[in-house]
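In this text, residue positions in the sequence shown follow the working numbering: the first is 42, and each later residue adds one.
Even glycine gets a Cβ: it sits at the ideal position worked out from N, Cα and C.
These notes concern the structure reproduced below.
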Amino acid sequence: MAIRNIRLEGDEILHKKSKEVDKIDERVEELVKDMIDTMHKYNGVGLAAVQVGVLKRIVVIDLYDDNGPIVLINPKIIKTKGEQEVEEGCLSFPNKFARPAEVVADYTDLEGNLIRVKAKELLAQAICHELDHLDGQLFIDKIIPGTLEYVEPELGKDEK
Ligand code: NI
42 MAIRNIRLEG DEILHKKSKE VDKIDERVEE LVKDMIDTMH KYNGVGLAAV
92 QVGVLKRIVV IDLYDDNGPI VLINPKIIKT KGEQEVEEGC LSFPNKFARP
142 AEVVADYTDL EGNLIRVKAK ELLAQAICHE LDHLDGQLFI DKIIPGTLEY
192 VEPELGKDEK
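The structure is reproduced here in structure tokens:
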């Protein structure tokens, strides 16, 4: 068990694309255990390997429900449906934007089984968020233009 350092905003690795895992060996198993420990330590609902500095397509998600931590290796979203307005964050960037309401994703689990999940709500959001990390994308870069608006105060309006 080891807690790994989390790469923070500004670290270039977060913008890099992660590579497919071609073999689930001891190093991968060790990494996955550490990722789960690290996610739990910081009460996160998801963590991508790149966030601990490893460019492999591995994601862990835990919604702290009966399903426990889910390990997704080489995950792919194969279908999305609808839209949900979500808050996603990062305390520094509170914002709302749209994520699919439902996603179907394929991945390999730690035992090498191919799994297909249909996810809704928070799980759909978490899958989208974490898979973005694998492609070097960050949610703060995806905020839909126009949803955050700075406006000039209307001068003189309240003066009379
Ligand atoms: Ni993230």
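Do E143 and A167 come within 8 Å of each other at the CB atom, strictly closer than that value? Cβ distance not < 8 Å, so A167 and E143 don't count as in contact.
Could you name the residues of the same chain whose beta carbon sits closer than 7 Å to that of F180, not counting the 5 residues immediately before and after it, in chain order? So the qualifying residues of the chain are E129, H170, D173.
Check for me: the alpha helix (DSSP H) holding Q166 runs from which residue to which? Counting along the chain, the alpha helix (DSSP H) containing Q166 begins and ends at 162 to 175.
Beta carbon proximity, L72 to chain B, threshold 8 Å: Judged by its chain identifiers, the structure shown contains no chain B, having just a single protein chain.
For a test of your reading of the model: does the CB of H170 fall under 7 Å from any non-hydrogen atom of the ligand NI? Yes or no. Because some heavy atom of the ligand NI lies under 7 Å away, the Cβ of H170 counts as near it: yes.
Should H81 be listed as close to the ligand NI, given that the test is whether its C-beta is under 7 Å from any heavy atom? Not so, every heavy atom of the ligand NI lies at least 7 Å from the Cβ.
Flag V56 as yes when its Cβ comes closer than 7 Å to any non-hydrogen atom of the ligand NI, and as no otherwise. Reading the sequence as shown, one finds His at residue 56 and not Val. Checking the 7 Å criterion, the Cβ of H56 is out of range of every heavy atom belonging to the ligand NI.
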